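Here the sequence shown stands for residues 3 to 80, where the numbers follow our numbering.
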Amino acid sequence: MKELLDKQIELEGEESRLYKTYQVEAANIRNEILLVKQKLANVCEHKEFVRENYIYSELYCKTCLLTRGAITRFIRKP
Ligand SMILES: [Zn+2]
Numbered sequence: 003m004k005e006l007l008d009k010q011i012e013l014e015g016e017e018s019r020l021y022k023t024y025q026v027e028a029a030n031i032r033n034e035i036l037l038v039k040q041k042l043a044n045v046c047e048h049k050e051f052v053r054e055n056y057i058y059s060e061l062y063c064k065t066c067l068l069t070r071g072a073i074t075r076f077i078r079k080p
């Protein structure tokens with residue numbers, strides 16, 4: 003019985019540590035994605051906007067695939 007409980011506690015601790023590591027890594031990757039999008043927004047000329055064929059679909063740049071809203075947020079203000 004004690005062996006099983008110890009095993010359970012050990013596994014739960016391991017799961018918890020793994021989950022925290024996952025959360026930190028995922029946050030780092032999300033930040034990197036954000037930086038790439040910021041760069042894209044600033045290097046693309048955004049010449050042509052298109053939208054998907056469904057209601058309320060957002061306009062997005064045909065070249066960099068960023069939405070108009072994202073471009074507005076990411077472009078450096080002078
Ligand atoms: Zn673009």
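Yeah, the Cβ is synthetic: ideal placement off N, Cα and C, and Gly gets one too. It should be emphasised that the depicted structure is a prediction, and the values quoted were computed from it without experimental measurement.
Classified as exposed, Ile35 has fewer than 16 neighbouring CB atoms from the shown chains inside 10 Å of its CB. Here the distance from the Cβ of Leu68 to the nearest heavy atom of ligand 1 is below 7 Å. Remark: the shortest separation between the CB of Thr74 and any heavy atom of ligand 1 does not fall under 7 Å. Lys39 and Gln10 have their C-alpha atoms some 43 Å from each other. A heavy atom of ligand 1 is found nearer than 7 Å to the CB of Thr65.
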